[in-house]
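Enquirer: Counting in this note's numbering, the sequence shown tops out at residue 156, every number present. Got a structure for you, written out below as C-alpha cells; questions coming shortly.
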Amino acid sequence: MNYTAKEIMTAGVMSIGPEETIQCAATILAEHHISGLPVVDEHMKVVGVISSSDIVKFSGQAHIVSLVGTSGWVSPYTDPSTLTSLSTGFELLSKKKIKEIMTKRVVTVSENATVEEVARILSKKKINRLPVVNDQGQLVGIITRTDLITAMAGGR
C-alpha cells in the first residue's frame, strides 16, 4: 500500500470562513450529513476546524440543548420564559462566530504524505478528519478515518 494522501483524500472539500456564524456551520453540517468542516482564511489556509461536537458543546453551555430537549413534552401552559430562553439561545447561534468556538490547534498533512503517516496521525492525535494541504499550505482535501479504511481495504 503505497498510496499518498492526495490519492485517498476527498478533493473539493467543503470549508467555511471563521467569520461565519455557528448557525451557518450547523446548517452545512446537517444538509450535507457531515460532522466537521475545515475553517479557512481568505487564502484557503486552514485556521481551525468546526465540528458537530463543538456546536453541541457550545449549545450545552448556552443551555440550548436542554431547552430543546424538553420543549416537546412541556404542557401548553409552559412558562413563557422557557420559550424566551429557547429563542434567545437560537438567536445566539445566529450571532456567534465560528472563530469563537472552533478548534484552533489543527493538525494538517501534506498531500504527499504516505497512508502510513496519515494513519499514525489520526491514531496518535485521536482525530476523525485530517485536512490535506498543498505546498503553499492551502486546503486541497480531507481524509477521514473511513477514507483510510477504504484505502487499506484496497478500495482506492
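Glycine is no exception: its CB is placed at the ideal position from the N, C-alpha and C atoms. Owing to the predicted nature of the structure, the values given are computational and were not obtained by experimental measurement.
From which residue to which residue does the beta strand (DSSP E) around Thr144 run?
Expert: For the purposes of this step, residue 144 is taken as the residue at position 144 of the sequence shown. Note, Thr144: beta strand (DSSP E), 139-144.
Enquirer: What distance in whole Å lies between the Cβ atoms of Val106 and Val56, which are believed to be in contact at a cut-off of 8 Å?
Expert: Indexing the sequence shown from 1 puts residue 56 at position 56. Indexing the sequence shown from 1 puts residue 106 at position 106. About 19 Å separates the two Cβ atoms, so there is no contact after all.
Enquirer: Ordered along the chain, which non-local residues of its own chain (more than five positions away) have a Cβ less than 8 Å from that of Ile8?
Expert: Working through the sequence shown from its first residue, we reach residue 8 at position 8. Closer than 8 Å at the Cβ level, and outside the excluded window around Ile8, lie Val115, Val118, Ile143, Asp147, Leu148, Thr150, Ala151, Arg156.
Enquirer: Who are the near neighbours of Lys6 in its chain, counting only those whose CB is closer than 8 Å to its CB and skipping five residues on each side?
Expert: Taking the sequence shown and counting its residues from 1, one reaches residue 6 at position 6. Result list for Lys6: Glu111, Asn112, Val132, Val140, Gly141, in chain order.
Enquirer: With which residues is Lys45 paired in a DSSP beta bridge?
Expert: Position 45 of the sequence shown holds residue 45. DSSP lists Gln138 as partners of Lys45.
Enquirer: Below 6 Å CB to CB, which residues in the same chain sit around Arg129 once its five sequence neighbours on both sides are set aside?
Expert: Locating residue 129 in the sequence shown gives position 129, where the first residue counts as 1. For Arg129, where only same-chain residues beyond five positions count, the Cβ hits under 6 Å are Gly36, Ile142, Thr144.
Enquirer: Grouping DSSP H, G and I as helix and E and B as strand, with all else coil, what is Leu16?
Expert: The residue labelled residue 16 in the question sits at position 16 within the sequence shown. Contrary to the premise, residue 16 reads as Ile rather than Leu in this sequence. If DSSP states are grouped into helix, strand and coil, Ile16 belongs with the strands.
Enquirer: Output needed for Val13: all residues of its chain with C-beta closer than 7 Å, excluding positions within five of it in sequence on either side, in chain order.
Expert: Taking the first residue of the sequence shown as position 1, residue 13 is located at position 13. Correct list, in chain order: Pro38, Leu139, Gly141, Ile142.
Enquirer: In terms of residue numbering, what span does the alpha helix (DSSP H) encompassing Val40 cover?
Expert: Counted from its first residue, the sequence shown places residue 40 at position 40. Taken as a continuous stretch (DSSP letters only), Val40 belongs to no alpha helix (DSSP H), being part of the beta strand (DSSP E) at 36-40.
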